[in-house]
Amino acid sequence: MSRDVEEYKSFVDALVGIKSAAAAQWVTGKGFPDVPGNEHINQFLASLTPQQKEILASMIQGAKESGIHDTLAYLNEQMVFGHIEITQNGVKLPVEPFDTELHFDWVARSEGDEWPE
Numbered sequence: 423m424s425r426d427v428e429e430y431k432s433f434v435d436a437l438v439g440i441k442s443a444a445a446a447q448w449v450t451g452k453g454f455p456d457v458p459g460n461e462h463i464n465q466f467l468a469s470l471t472p473q474q475k476e477i478l479a480s481m482i483q484g485a486k487e488s489g490i491h492d493t494l495a496y497l498n499e500q501m502v503f504g505h506i507e508i509t510q511n512g513v514k515l516p517v518e519p520f521d522t523e524l525h526f527d528w529v530a531r532s533e534g535d536e537w538p539e
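Taking my numbering, the leading residue of the sequence shown gets 423, the next gets one more, and so forth.
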């Protein structure tokens, strides 16, 4: 496979690697970091049931994933129209090398799909 496609795959996979929202983990874990600005958040979290915390964490995680998805959709559109280029490690990333959009590839990889041949 060509280097530009390998860099594209690396770019998408790196974004999959950062999709987990720390704030969602804090909600279901020990709370937000213990600093003065977070006191009110941790007091609120302490008032929630475990089920409510799971719902809130799911909402936070969904918001982060939606943000990544929408950003990739925008970047893909800009790439298709030739308004921007994305370069990684000195290599220009190809536009839709698998005939699918950047955000589609991110979703597929997020769900554990293999890269096409």
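The beta carbon of each residue, even a glycine, is placed where N, CA and C say it ideally should be.
- Pairwise C-beta distances place the region 528-538 in contact with the region 477-493, as three or more of them are shorter than 8 Å.
- Cβ-Cβ distances below 7 Å link E476 to T450 in the same chain, with the five nearest sequence neighbours on each side left out; the list follows chain order.
- For K441, the secondary structure class from DSSP, reduced to helix, strand or coil, is coil.
- In this chain, L470 is not harboured by any alpha helix (DSSP H), its DSSP state being neither H nor E.
- Taking C-beta separations shorter than 7 Å and ignoring five residues to either side along the sequence, the partners of W537 in its chain run K431, following chain order.
- When the beta-carbon positions are compared, L497 and F433 stay at least 8 Å from each other.
- According to the DSSP assignment, W528 belongs to the alpha helix (DSSP H) that extends over L524 to S532.
- Annotation note: the region 470-506 contains no uninterrupted beta strand (DSSP E) run of length 3 or greater.
- Nearest in C-alpha terms to G453, of all of S469, G439 and F520, is S469.
- In summary, E461 is exposed, with fewer than 16 beta-carbon neighbours lying within 10 Å of its beta-carbon over all protein chains present.
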